[in-house]
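Presented below is the structure to which this report refers.
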Amino acid sequence: MRDPDTDWVLPISSFILALVLAVIPLPDAVAAFRPDWVPLVMIYWALASPERFGLPTALCLGLALDSLSGALLGQHAIAMLVVVYLSLRFHLRIRVFPIWQMTMTVFVMLAIHEFLLFWVDGVVGRSVPYIERWAGVFTGALVWPLVLGILDRVHQPNQARV
Amino acid sequence: MNVPGGTGGGRAATSLGARFLLLSVLSLALMVLDHRDDHLSRLRQAFSVLVYPIQMSVNLPLKTWQWASTSLADRASLLSENAELKAEQLSYNVRLQRMAALEAENTRLRAILDSSARVGDRVLVAQILAVDLDPYRQRFWINRGLGDGVFVGQALLDANGVAGQIVRVEAFTSEAVLISDADHAVPVSVNRNGLRTIVVGTGDSGRLSLPYLTNSADIVPGDLLVSSGLGGVFPSGYPVGWVLDVHRRPGQSFAEVIAEPAAELDRDREVLLVWTPEDIEQKEEPTSLAEVEQ
Numbered sequence: 001m002r003d004p005d006t007d008w009v010l011p012i013s014s015f016i017l018a019l020v021l022a023v024i025p026l027p028d029a030v031a032a033f034r035p036d037w038v039p040l041v042m043i044y045w046a047l048a049s050p051e052r053f054g055l056p057t058a059l060c061l062g063l064a065l066d067s068l069s070g071a072l073l074g075q076h077a078i079a080m081l082v083v084v085y086l087s088l089r090f091h092l093r094i095r096v097f098p099i100w101q102m103t104m105t106v107f108v109m110l111a112i113h114e115f116l117l118f119w120v121d122g123v124v125g126r127s128v129p130y131i132e133r134w135a136g137v138f139t140g141a142l143v144w145p146l147v148l149g150i151l152d153r154v155h156q157p158n159q160a161r162v
Numbered sequence: 001m002n003v004p005g006g007t008g009g010g011r012a013a014t015s016l017g018a019r020f021l022l023l024s025v026l027s028l029a030l031m032v033l034d035h036r037d038d039h040l041s042r043l044r045q046a047f048s049v050l051v052y053p054i055q056m057s058v059n060l061p062l063k064t065w066q067w068a069s070t071s072l073a074d075r076a077s078l079l080s081e082n083a084e085l086k087a088e089q090l091s092y093n094v095r096l097q098r099m100a101a102l103e104a105e106n107t108r109l110r111a112i113l114d115s116s117a118r119v120g121d122r123v124l125v126a127q128i129l130a131v132d133l134d135p136y137r138q139r140f141w142i143n144r145g146l147g148d149g150v151f152v153g154q155a156l157l158d159a160n161g162v163a164g165q166i167v168r169v170e171a172f173t174s175e176a177v178l179i180s181d182a183d184h185a186v187p188v189s190v191n192r193n194g195l196r197t198i199v200v201g202t203g204d205s206g207r208l209s210l211p212y213l214t215n216s217a218d219i220v221p222g223d224l225l226v227s228s229g230l231g232g233v234f235p236s237g238y239p240v241g242w243v244l245d246v247h248r249r250p251g252q253s254f255a256e257v258i259a260e261p262a263a264e265l266d267r268d269r270e271v272l273l274v275w276t277p278e279d280i281e282q283k284e285e286p287t288s289l290a291e292v293e294q
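Keeping their order, the protein sequence lines are chains P and G.
Everything in the first sequence is counted per my numbering, starting at 1 for the first residue and increasing by one.
Everything in the second sequence is counted per my numbering, starting at 1 for the first residue and increasing by one.
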């Protein structure tokens, strides 16, 4: 049995999977509803193992996402930093929240994340539609229990679950 | 009682805030530098090399599917496809013969008029990577980069017309923007009468807009718009789109003109990178032009 506190295989592979899911081609009809996989997985690790995955990890993932998506270098990075800062700051409380309250918290964090992306887009003058981009925040919050359940089960299989 | 990490007490809390501030300022600085004049192209290239495996792995299932469908196709369908392609090539060859005569005539006439002759442009086939970018922007990656001599501002065509241009070149890949992107504009002229105007993208890959035509402009639905070559990005004479609808509003000074792109912007899998003769003179010849189609 792997020790969940020193295992690097699962975190790294979940990050890579999240990056792949973030750019995998989807049909146009559902592309707007793509959940923000990378922030979701990053929030999970910041809550589950805050002493290992903190701000530097968030910065690296954000820059990788910027490079993948052709965004301004630093745009996803700063949004991710803010989200992870909030997760780290309140992780002791968030971890003991019941699942619905945790989902609401994640929803708020994803909304902040999306707002920062939107803000930077506005500042540099990129024209993007306003309404559609919030769809990903809702689907992101909807899949959070799934992300949490799967990663928790693989990460700490022996622990009691809520 | 805000003790993140739970180990270092107040020190950990301040250091978390300080680290957050430091890294945020760092990414803000990156954004400012990246937004102003591409100071970070080296850094971007380094990152692009790191994420290249992810792009490739996303692209892989599609490539595998294409490979499987060709290698598993049965003999009969391949034969019929082959026959069709041969017939098609024959008809193109016939047209090309006429084209050769016309080109020679054109060169002669230009020599008489003492204007510079238009020589053929050179092209390189590039594949579009099946990688989704921001769904609200008409952008995509292609599988050619610095090593292929791709440069920023290079025009992209598909089999039917102008598709877009290169906006960023990385080591193995390049980012392109389609002419239908809301931030993109192409200088065009109407093929019928030479009327010059500008085609602006709408963000919808099936529609282009011509916002700078007055109500009295001579344009009708069905007109072919070709690139005019003004602006120096797109070579002149390639089809850009067909006018779909002209809506003249009496109260306004400008007509509302909608066009349909000639290139199949949402269905392309392959595009052509174009080097005009001027580009080839300016830069040293791209290395992999050996691969140039024909």
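Quick reminder that beta carbons are idealized off the backbone N, C-alpha and C, glycines included.
All figures in this text were calculated on a predicted structure; none of them were measured in a lab.
>> On the CB-based measure, 16 or more other CB atoms within 10 Å of its CB, does G/Gln154 come out buried or exposed?
In response: buried
>> Let's test the definition: count the other Cβ atoms within 10 Å of the Cβ of G/His247 and tell me whether it reaches 16, buried, or not, exposed.
In response: An exposed status is given to G/His247, since fewer than 16 other beta-carbon atoms sit within 10 Å of its beta-carbon.
>> Quick test of your reading: G/Asp148 and G/Leu124, contact by CB under 8 Å. State the CB separation rounded to the nearest angstrom.
In response: Right, the Cβ-Cβ distance comes to about 7 Å (below 8 Å), so this counts as a contact.
> Nearest chain P C-beta to G/Glu88 closer than 8 Å, yes or no?
Replying inline: No, no contact with chain P.
> Ordered along the chain, which non-local residues of its own chain (more than five positions away) have a Cβ less than 6 Å from that of G/Ala185?
Replying inline: Ile198 and Val200
> Under the rule that 16 or more other beta-carbon atoms within 10 Å means buried, what is G/Arg249, buried or exposed?
Replying inline: Counting Cβ neighbours within 10 Å, G/Arg249 comes out exposed, since fewer than 16 surround it.
> Whose Cβ in chain P lies nearer than 9 Å to the Cβ of G/Ile112?
Replying inline: Neighbours of G/Ile112 on chain P: none; closest Cβ ~48 Å, over 9 Å.
> Which residues bound the alpha helix (DSSP H) around P/Val83?
Replying inline: Gln75 to Arg89
> Under the rule that 16 or more other beta-carbon atoms within 10 Å means buried, what is P/Tyr44, buried or exposed?
Replying inline: buried
>> Assuming the contact rule is C-beta atoms closer than 8 Å, P/Leu63 and P/Val38 should be a hit. Round their C-beta distance to whole Å, please.
In response: With 8 Å as the limit, P/Leu63 and P/Val38 do not qualify as a contact, their Cβ atoms being about 11 Å apart.
>> Once DSSP output is grouped into helix, strand and coil, what is the label at P/Asp7?
In response: coil
> Does any CB atom of chain G fall closer than 8 Å to the CB of P/Tyr44?
Replying inline: Judged by the 8 Å Cβ criterion, P/Tyr44 is not in contact with chain G.
> Just the Cα atoms here: how many angstroms apart are P/Leu146 and G/Asp34?
Replying inline: 36 Å
> Going by beta carbon distance, what residues of the same chain come within less than 6 Å of P/Phe53, once the five residues before and after it are set aside?
Replying inline: Trp45 and Ala46
> In the structure shown, what three-state DSSP assignment does G/Thr107 receive?
Replying inline: The answer is helix: DSSP assigns G/Thr107 an H, G or I state.
> For a contact meaning CB atoms closer than 9 Å, what does P/Ala29 contact in chain G?
Replying inline: Those do not exist, as P/Ala29 stays about 11 Å from chain G at its closest Cβ, beyond 9 Å.
> With a CB to CB cut of under 8 Å and the five nearest residues on each side skipped, what residues in its chain are close to G/Ser71?
Replying inline: none
>> Check for me: the beta strand (DSSP E) holding P/Val124 runs from which residue to which?
In response: Taken as a continuous stretch (DSSP letters only), P/Val124 belongs to no beta strand (DSSP E), as it is neither H nor E.
> Residues of chain P with CB under 8 Å from G/Ser24, in chain order?
Replying inline: Against chain P, a Cβ distance below 8 Å from G/Ser24 picks out Ile78, Leu81 and Val82.
> Residues bridged to G/His247 by DSSP?
Replying inline: G/Glu256
> Are there 16 or more other CB atoms within 10 angstroms of the CB of G/Ser302, so buried, or fewer, so exposed?
Replying inline: For chain G, the structure presents residues 1 to 294; residue 302 of chain G sits outside this window and is missing.
>> Restricting to Cα atoms, I'd like to know which of P/Asp121, P/Ala79, P/Gln101 and P/Leu151 is closest to P/Leu55.
In response: If you compare the alpha carbons of P/Asp121, P/Ala79, P/Gln101 and P/Leu151 with that of P/Leu55, the shortest gap goes to P/Ala79.
> How would you list, in chain order, the residues of chain A whose beta-carbon sits under 7 Å from the beta-carbon of G/His35?
Replying inline: Looking at the structure shown, chain A is missing, and the protein chains on hand are P and G.
> What residue range is occupied by the uninterrupted alpha helix (DSSP H) comprising G/Ser41?
Replying inline: For G/Ser41, the uninterrupted alpha helix (DSSP H) segment begins and ends at Ser41 to Ser71.
> If you measure beta-carbon to beta-carbon, which residues of the stretch 175 to 207 of chain G are closer than 7 Å to chain P?
Replying inline: Glu175, Ala182 and Asp183
>> Cβ closer than 8 Å: which chain P residues qualify as neighbours of G/Leu28?
In response: Gly74 and Ile78
>> For a contact defined as C-beta to C-beta under 8 Å, what are the partners of G/Leu50 on chain P?
In response: Correct list: Ala64 and Ser67.
>> I'd like to confirm something about P/Val82: is its beta-carbon nearer than 7 Å to some heavy atom of the ligand GTP, or not?
In response: Absence of the ligand GTP is noted for the structure shown, with no ligands found whatsoever.
>> My output table needs one value for G/Ala117: the three-state DSSP class, helix, strand or coil.
In response: Residue placement at G/Ala117 is flagged as unreliable, the pLDDT there being 49, under the threshold of 50; a coordinate-derived value is accordingly withheld.
> Around the C-beta of G/Glu175, are 16 or more other C-beta atoms found within 10 angstroms, so that it is buried, or is it exposed?
Replying inline: buried
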